[in-house]
Every structure is written in structure tokens, then in C-alpha cells.
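Residue numbers (our numbering), protein chains in the order written: chain A, 10 to 315; chain B, 4 to 606.
Dropping the structure here:
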């Protein structure tokens, strides 16, 4: 098991290295010139050239990347071109908000998705099952900005249960988490339903019934741990999907996370911030997948012996 | 232990001692399935009694309704489609079909317990053995989980599982099939039920393990006086275990009698057919062969064939262990010969087949029809692929459900570019008739055929390219005995008419004796004994061959049930550390081609 994690760790570092190379090269090829953004429209060619030299952007690609990488291994993500602040400071100030939002979203999507899936599986073929699946289909297909605005309109504007935007208290967290989580809960409810139906057909569920166990114990102690196994692996992938989602959700709700930071940086071609956010996101995805593996390992003894 | 039961439902569940008369009385039981075209009956008005301490075997082929009957007794029919539509099931005074789910739960596992066919899938893979046992006890008795664990340990000891304390903390995947079935039995008997239903309890097990489990069931039943309903298709198991037998066919009652009378004097034509179709193990003599193999032409020669599979582990995924699937196997198959490989699961018999068609890499030398297919000097060519064809175990899984069967049989001809479409279709028609199907069935789909017919289609497909050798890997194992007998007959006809050779791979000793010219007995990747049928079955010399033969249940209830020495433990693992070599057995010819391994080289 230790060797399994060591191997995964080495793999993860290689993945991050790959991500850094690809992102760096893509940004280098970007037709927009970051120096023009910094210097402003009225700058003389001489000023532009000076800034370019100052930032080292006149160097060949591999030299620039090597400099970036050597900073990176020492924990230095570079300085923002425009805000004149360390990228790591900027990200550190924004990251907790985004992590909180993601945690809320994971909680919301698992709570909604899994319970819908379980109920639908147990009531398979009935009207309950069909209506739940229609709801989940809407959840999967509705664009996030539409869901966000809809939730805002109903629960914040009309009912006034939650604040319209901002950050700070638990009630600020509810609507953004729901918005971010609804897409996933649609997927989870469908996966959970089919997985549960599959597991309920298994021989060991029949054995459990033959033992005279109660229905609740059969569902929660025998069927659920088995049915949830394929879904655990999805949670890791989910974090990647969230990374795309938070850019939208954070701007709809004015949530001060790295999604907003990234959005602003992209508009201004602030390459160090874009690099930093991409790497932090990639790290989050890698850690998410590692955690998913760890959970699978805890639930499923068959993987443990391998 | 006493028979006192304390549970919430104690008032309704009568204590064992209060019973008089049959412990179970099934009267006019009908079971139907709800389909789009209305109720379709599956079991018709079945009636039987079960008495305390007796073993009733319900025998029949697939679709006879025997398993449904047992599920109906447990109240476990798959809802909502399948249900009891008539009759009654009396457990003592209780009418089970009238009970609600809550009441039934008090009886399941407690007074009527059940063992299922598939030990590999019948235990929850993510739950410890100890927990699975204890929860069954806790469900019915008001005792603490700790006390239940003590009882669970007792139950494991009573099924003679090795190292019972350790097993409590293991997960199902850490146990072999035979061990898992013992756990299932432990779970079923832990509460000393009045009735134990065993649904094909040994069908999925190897023959030596089957022997152990049957012995165990018999002993436990004697100790506890439990009534046993044994559901099986295997008349050998019936003969060894049952006091009375009930034969079913297509959901109908056929006949019921005590076991000796039924075997000696079957009253119904179907029962006689069933008994006749059972291949019984003899001494290898007296089996007529229409075709004499051609000694001078070898269609397959294997010389010191070795197949290893690597097991990787560690940070760098280095090879640390190897599975020694096939070790140093040499054999040859003559033209027109049926050569059988027999052995228990994991002995490497199927791996040999795969290496002969180039599906796994091997070292050593394999020649097919004189053509070397082994690297580095030889290679697999399309000609060789035409010369060897395979027929697999599960005919449904090996036929593409979306293709018409005619196309399935024609496909090899298309792939190898034999003839034009009209010639190919003519050939397909001929093949269908050759395997006992009719020409006008070619337009149908696989699901429209029965299991036996599907296997005939697979055989027709294998014959399409006019091969020299057909490898039949457990090809009749999934078929009912009456169907099996007919398919075996077809194989023999093909040998005598077409001169094709067969490599017949099977775990079933009786079938092997029935069909083979020569037999190789495999154990842990090596052949330990090889010879013709008379030699192997008439005078087996190697201890493993003897063990295999003596483990086969005999379909003859009048024969003394011999109490052979209890076999304990499982076959050792073929996985070894990378630097460890396997001692090769040495085969000595003791006359007329009867080869046996010296026992001291056998570890």
C-alpha cells in the first residue's frame, strides 16, 4: 500500500510537470502580447522593449520556462505583471474561499445526487423514479449561469431566504454551492441509480435477505457500500469540472475566489497569475484523485491486497 | 446449545420440539411470472412433504422450476414479476405464503436457511467474514455483537474451516471457493435451522472440494437432525446424498420416490432418460470407438511448453512473482483422436489451449499439423489459424447477439476468403445440417435457440474452415445432462466422419472417460499422468489421479457410501517468487504409452 502511494505520488508530480509545460507553451504562443498590456497604448517602442527585457520575455522559450521551473521548485510562482504582488500571495488570499465553495458543492451534490439515486433505484419503474430522473436530467442539462440566476431570483430576490451575493457567513455559501453542485448531482443520481439497481441484483444481497436481515440493513450496510464504489472514483474527476464551474459561479455570486482571479488575469494577459491558478487547479485535481483512491481503498478490501 | 429462541417474534415461531408430522408441507404450489402477455406459469401445482432429519433431493434440468420452488419457500421470489399464484407452503402450523415480510424475516435464516450455488458471489465482498456471520445471528437472537462473534467462531469450527479465528477477520476474496462455501454453510447452520435448503451447493466447485462439502453437509445434518432440501441437476450427488428424490421438468412434477427405488426402477420415461444421460464413471473399458486414430499423422505436438504470467508490484512495477500456469508440458495429438486434459480449476488446462491458438505467449515448441508456431523460428500463420478452431464453454457469450446465426457461421469463411458468397451460404447450410440443425434456421438470432442448439452453432462455426484440430474448452459443462449426451455424441460422429481431432478440456471425469481416446491429468501446470482411457480410469497410478476419480459422486444409491480420508486444504498456489524454480515432474512410460510422474518429484 505504501508503494502504491509512492508510485501515485511520482505519477502526480509528472502530471504537474506536464501541465506546467503545456500551459507555458500555450501562453507563449498566445497572440496577445502581455507587455503591451503592461505598458499601455501610449508607450514608446523603447519603453515596451525595456519592459520586455526587464521581465525576461525577450529570452527564448526554453530559457523562460527553465527560469519559471527553478522558481517553482523553490515555491516561487513569480510576480503578477500588473498587480506588482507575489502570485502566491494573491492565490493564498483567494484559495480558501474557493475551497470552501467546492467543499459546499461536493456536499450538496452528494447529498442531493446520492439520495435521489437511492430512492429512484428502490422505487424503480414507478412514477417517483421517473420524476426523479426527469429532475436529474434538467440538472445535467441546465447551464450553470442559468441555474445560478434562477436560484438567485427565487431564493434571494423573491423569498429573501439567502443573500444575493457576497462572502462571509454560511447563508452566503448555500446558493453558490447549490449552483455549482446541481450539475454533478444530476450525474450522481443517475450513476447511483444504475449502480444501486445492479448491486441489488447481486447474489450477496439475496444472501442478506435469506439471513432475515431488515430492509434498512440490507440497503445501507450491504448494498450501499458496494454501490458507491464506482462513484467514489468520480469525485476526483469532479474537482476538475468544478474548476471550470467556479469561474462562472464566482462571477454570478461575487464570490472572492480564484475563479474571479483567473478571469481577471485572462482578460489582462497576466501570465504569472494564469500559470499559478492553472497549477493550483491541477494540484487540486491530482489531490482529489488521490483522495478518491484512498477512499476506494478504505471501502474496498479487494484493492488493498493488490 | 439448546433450541431456545428468544426473538421479537417468538410467539409466532413454534419451537422445533412442538412439531409433529412433516416439518414442511408444500401443497399445490403454483408460481407464475407476470409478463406483457399475462401470467405465465413457471411451476404447476407442486406438492411434497419434508420430514424431520431427512434429505429430499429436488432434481431436474434447467428451467424445471426447482430453484424457484426453493425461493418460494424462503419468500424470496424476485418481486414484483414472479409470485406464488396458488397452493400453500406449511412450515409446521404456519402458512408461509400468507405471511408478511416482517414475519417471514423472523423465519428466514433462523428456522429455514439457504445455501446458494455461487460461493464466489454470495458473500458481500466489502464485509468481513466475521461480521457477515455475526449479523445473521444478531438478526434473530437478542445477544450482543460480542457474543454473536463467539457463536460465529463456533459455527466456523463446526464446518471444519482451517484457522477459524483468522477467517473471522478476513474478507471473502481472501478465501477460495470451497472455503467460501463452508462459510455459507456456517452462516446457514449457525442458528440450527429446522430446514436447510441447498441450491446446487457444489455445482461451482472442483470435484475434490465438492466431495469435502458434501461430506460436511451430510455430517452436519446427522449431528443436528436438520431436514435438508437439496436442489441439484447432478444425479451423482442425488444418489450419494438423498433419502427421497423428487424429479421435476418444465415446472411440472414428474415423480417422487425413495432414492434406491427411483434409480433402480424409474416410473416415468423422463426419469429414465435423465438417468441414462448421466455419464457414469467406469473403468475406462467398453467404450466403443468407431474411428481408429491414425498413428502416423500428428495434428499437434507440444514439446516442453512453458507459460508464465508476470505479477508486478512495488514502486517501479517490477516483476516480483510469476504464475507458473504451464510448466514443461509435452504431448501429442494424433489425427482422428480425442485427447482430453482433465484437472481442477487453475491447473493450466485452458492456458495450454490458449497457447496452441497463439492467444498467450509460450516458450518451448508447439507444432500444429507439422507447422511450428513457436517463436523465434516459427510463427502463427493464417493457415495454422484455419487448422485449429475453438469451441468455448458458454455458447451464449461466444455468439454475438446482434448477428444472425448463419452469418456467425459464415464469418470464418469470409475472413479467410474461402469461396464466393453463394458457395459460402451453401457451405453454411451444409454445416447446419451436419451439426443437427436445419438449413432454414440460418436467418435467426442466437437468443432464439436453446443452450444445446447454441453450442451446436459454435461447433458448426468451428467446422467451417475444415480444421484439423478443434479445441473444446469445457464445451459441454454448461449444458444439461440430456443435452450434453447428445452434443458428446455429435463430437464422436464428427471424429469418425471427418477425421478431425479434438483437444477436449474438462473438469468432469465421467464426461472425459466417455469421450476420450487418451487423457492427460494436470495438476499445478504439469501433466502428472497420461494414457488411454483404460489405463487412466482402469488402473490409475498417480495419487492425484486416484484422488480425482474417487471424488466423483457415483449415480448409484445402492453402492456403499465409502468414507474416504478427509481431504483438507486447497491446491497450493502456482504463484511463486521470481527466483524460485518449479521442480519439473518426470514422466515415466510404464508400458503401452501409460506415462506417470514419479511421486517424489511431485510437490
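Quick reminder that beta carbons are idealized off the backbone N, C-alpha and C, glycines included.
All values derive from a computational prediction rather than experimental measurement.
task = Return the chain-ordered list of same chain residues with a C-beta closer than 7 Å to the C-beta of residue 1(A), the five sequence neighbours on each side being excluded.
result = As shown, chain A starts at 10 and ends at 315. That puts residue 1(A) outside it, with no answer to give.
inquiry  = Please tell me whether residue 109(B) has its Cβ less than 9 Å away from any Cβ of chain A.
reply    = Residue numbering aside, residue 109(B) sits at position 106 when the second chain is read from its first letter. Yes, residue 109(B) counts as interfacial toward chain A.
query = With a cut-off of 8 Å, do at least 3 Cβ pairs link the region 232–244 of chain A to the region 66–85 of chain A?
reply = At 8 Å Cβ cutoff, the stretches do not touch.
query = Can at least three beta-carbon pairs, one atom from the region 455–464 of chain B and one from the region 485–497 of chain B, be found at a separation below 8 Å?
reply = Contact between the region 455–464 of chain B and the region 485–497 of chain B is present, because at least three Cβ pairs lie under 8 Å.
request  = Tell me whether residue 244(B) is buried or exposed, calling it buried when 16 or more other Cβ atoms sit within 10 Å of its Cβ.
outcome  = For the purposes of this step, residue 244(B) is taken as residue 241 along the second chain, with counting starting at 1. Looking at its Cβ environment, which holds 16 or more other Cβ atoms inside 10 Å, residue 244(B) is buried.
query = Does the beta-carbon distance from residue 108(B) to residue 142(B) come in below 9 Å?
reply = Within the second chain, numbered from 1, the residue matching residue 108(B) stands at position 105. Within the second chain, numbered from 1, the residue matching residue 142(B) stands at position 139. Cβ atoms of residue 108(B) and residue 142(B): closer than 9 Å.
Rounded C-alpha distance that separates residue 557(B) from residue 179(B) = The count along the second chain starts at 1 and reaches residue 557(B) at position 554. The count along the second chain starts at 1 and reaches residue 179(B) at position 176. When rounded, the separation of the alpha-carbon atoms in residue 557(B) and residue 179(B) is 25 Å.
ask   = So, is residue 313(B) buried or exposed, given that buried needs 16 or more other C-beta atoms within 10 angstroms?
value = Against the second chain, residue 313(B) aligns to sequence position 310. The residue in question, residue 313(B), is exposed, as its Cβ has fewer than 16 Cβ neighbours within 10 Å.
message = Rounded to the nearest angstrom, what separates residue 6(B) and residue 196(B) at their Cα positions?
response = Here residue 6(B) refers to the residue found at position 3 of the second chain. Here residue 196(B) refers to the residue found at position 193 of the second chain. Residue confidence for residue 6(B) is low, a pLDDT of 39 falling below 50, so the modelled location carries little weight; the figure read from the coordinates is stated next. Going by the C-alpha atoms only, they are around 9 Å apart.
request  = Starting from residue 532(B), trace the beta strand (DSSP E) both ways and give me its first and last residue.
outcome  = By one-based count along the second chain, residue 532(B) stands at place 529. Start and end: 529–535.
ask   = Is there contact here, the region 94–108 of chain B with the region 116–134 of chain B, by at least three beta-carbon pairs under 8 Å?
value = No: the two stretches stay apart, fewer than three of their Cβ pairs being nearer than 8 Å.
request  = Within 10 angstroms of the Cβ of residue 549(B), are there 16 or more other Cβ atoms? Answer buried if so, exposed if not.
outcome  = Within the second chain, the letter at position 546 stands for residue 549(B). Residue environment analysis places residue 549(B) among the exposed positions, since fewer than 16 neighbouring C-beta atoms fall within 10 angstroms of its C-beta.
message = If the criterion is Cβ atoms closer than 9 Å, does the pair residue 135(B) and residue 186(B) meet it?
response = Taking the first residue of the second chain as position 1, residue 135(B) is located at position 132. Taking the first residue of the second chain as position 1, residue 186(B) is located at position 183. Yes, the pair counts as a contact, with Cβ atoms nearer than the cut-off.
key: Residues near residue 286(B) in its chain [Cβ-Cβ closer than 6 Å; skip 5 each side]   = Counting from one through the second chain, the residue named residue 286(B) turns up at place 283. Cβ neighbours of residue 286(B) within its own chain (closer than 6 Å, five residues either side excluded): 540, 541.
request  = Run through the region 43–102 of chain B for me and flag every whole beta strand (DSSP E) of 3 or more residues, listed as ranges in chain order.
outcome  = Those beta strand (DSSP E) runs which fall completely within the region 43–102 of chain B and span 3+ residues are 58–62, 85–94.
inquiry  = So, at 6 Å on beta carbons, what are the nonlocal neighbours of residue 348(B) in its own chain, with the 5 sequence-adjacent residues on each side left out?
reply    = As a first step, residue 348(B) is located in the second chain; it is residue number 345 there, counting from the start. Same-chain partners within the cutoff: 209.
query = Who pairs with residue 490(B) in a beta bridge, going by DSSP?
reply = Within the second chain, the letter at position 487 stands for residue 490(B). According to DSSP, residue pairing for residue 490(B) in a beta bridge does not occur.
task = Taking 8 Å as the threshold, find out whether the region 157–169 of chain A comes into contact with the region 250–266 of chain A through three or more Cβ pairs.
result = Yes: the two stretches touch, three or more of their Cβ pairs being nearer than 8 Å.
task = Give the DSSP bridge partners of residue 359(B), in chain order.
result = Mapped onto the second chain, residue 359(B) falls at position 356. Paired residues: none, contrary to the question.
task = Give me the Cα-Cα distance between residue 90(B) and residue 69(B), rounded to the nearest whole angstrom.
result = Working through the second chain from its first residue, we reach residue 90(B) at position 87. Working through the second chain from its first residue, we reach residue 69(B) at position 66. Residue 90(B) and residue 69(B) have their alpha carbons spaced roughly 16 Å apart.
inquiry  = On a Cα-Cα basis, can you pick out the residue from 467(B), 466(B), 446(B), 440(B) that is closest to residue 454(B)?
reply    = Counting from one through the second chain, the residue named residue 454(B) turns up at place 451. Measuring from the Cα of residue 454(B), the nearest candidate turns out to be 440(B).
task = Would you kindly check if the distance between the Cβ of residue 361(B) and the Cβ of residue 383(B) is under 9 Å?
result = Start at 1 with the first residue of the second chain, and residue 383(B) comes out as number 380. Start at 1 with the first residue of the second chain, and residue 361(B) comes out as number 358. It is a contact, given that the beta carbons lie within the stated cut-off.
query = Under a three-way DSSP split, which group does residue 298(B) fall into?
reply = Within the second chain, the letter at position 295 stands for residue 298(B). It is a strand residue.
task = Kindly list, in the order they appear in chain C, the residues whose Cβ is closer than 7 Å to that of residue 77(B).
result = Here the protein chains are A and B, and chain C is not one of them.
task = Determine which residues of the region 189–212 of chain A have a Cβ less than 8 Å from any Cβ of chain B, and write them out in chain order.
result = Residues 211, 212.
request  = With residue 580(B) as the anchor, note down where its beta strand (DSSP E) starts and where it stops.
outcome  = The residue you call residue 580(B) lines up with position 577 of the second chain. Counting along the chain, the beta strand (DSSP E) containing residue 580(B) begins and ends at 578–580.
query = Which residue from 391(B), 411(B), 386(B) puts its Cα closest to that of residue 398(B)?
reply = Start at 1 with the first residue of the second chain, and residue 398(B) comes out as number 395. It is 411(B).
key: Any C-beta of chain B under 9 Å from that of residue 215(A)   = Position 206 of the first chain, counted from the first residue, corresponds to residue 215(A). By this cut-off, residue 215(A) is an interface position.
ask   = Given a threshold of 16 other Cβ atoms within 10 Å of its Cβ, counted over all protein chains shown, does residue 457(B) qualify as buried or as exposed?
value = Position 454 of the second chain, counted from the first residue, corresponds to residue 457(B). Sixteen is the threshold: when 16 or more other Cβ atoms of the shown chains lie within 10 Å of the Cβ of residue 457(B), as they do, the residue is buried.
ask   = Could you check where the beta strand (DSSP E) with residue 385(B) kicks off and where it finishes?
value = Counting from one through the second chain, the residue named residue 385(B) turns up at place 382. Looking at the DSSP string, residue 385(B) is not in any beta strand (DSSP E); the run it does join, the alpha helix (DSSP H), is 385–390.
message = Do residue 205(B) and residue 580(B) have their beta-carbon atoms positioned less than 9 Å apart in this structure?
response = The residue you call residue 580(B) lines up with position 577 of the second chain. The residue you call residue 205(B) lines up with position 202 of the second chain. Result no, Cβ atoms of residue 580(B) and residue 205(B) do not sit closer than 9 Å.
query = In its own chain, which residues sit with a C-beta less than 6 Å from the C-beta of residue 117(A), not counting the 5 before and 5 after it?
reply = Indexing the first chain from 1 puts residue 117(A) at position 108. In its chain, beyond the 5 residues on either side, 186, 187, 190 have a beta carbon closer than 6 Å to the beta carbon of residue 117(A).
Anticipated Cβ contact below 8 Å, residue 159(B) with residue 88(B), distance rounded = In the second chain, residue 159(B) corresponds to position 156, counting from 1. In the second chain, residue 88(B) corresponds to position 85, counting from 1. Cβ atoms of residue 159(B) and residue 88(B) stay farther apart than 8 Å, at about 40 Å.
request  = State the Cα-Cα distance for the pair residue 203(B) and residue 125(B), rounded to the nearest angstrom.
outcome  = Position 200 of the second chain, counting from 1, holds the residue named residue 203(B). Position 122 of the second chain, counting from 1, holds the residue named residue 125(B). One Cα belongs to residue 203(B), the other to residue 125(B), and the distance between them is close to 13 Å.
query = Using 8 Å as the Cβ pair cut-off and three pairs as the minimum, do the region 513–530 of chain B and the region 349–358 of chain B touch?
reply = Output reads yes: the region 349–358 of chain B touches the region 513–530 of chain B.
ask   = Is DSSP giving residue 448(B) helix, strand or coil here?
value = Numbered from its first residue, the second chain carries residue 448(B) at position 445. In this structure, residue 448(B) counts as coil in the three-state DSSP scheme.
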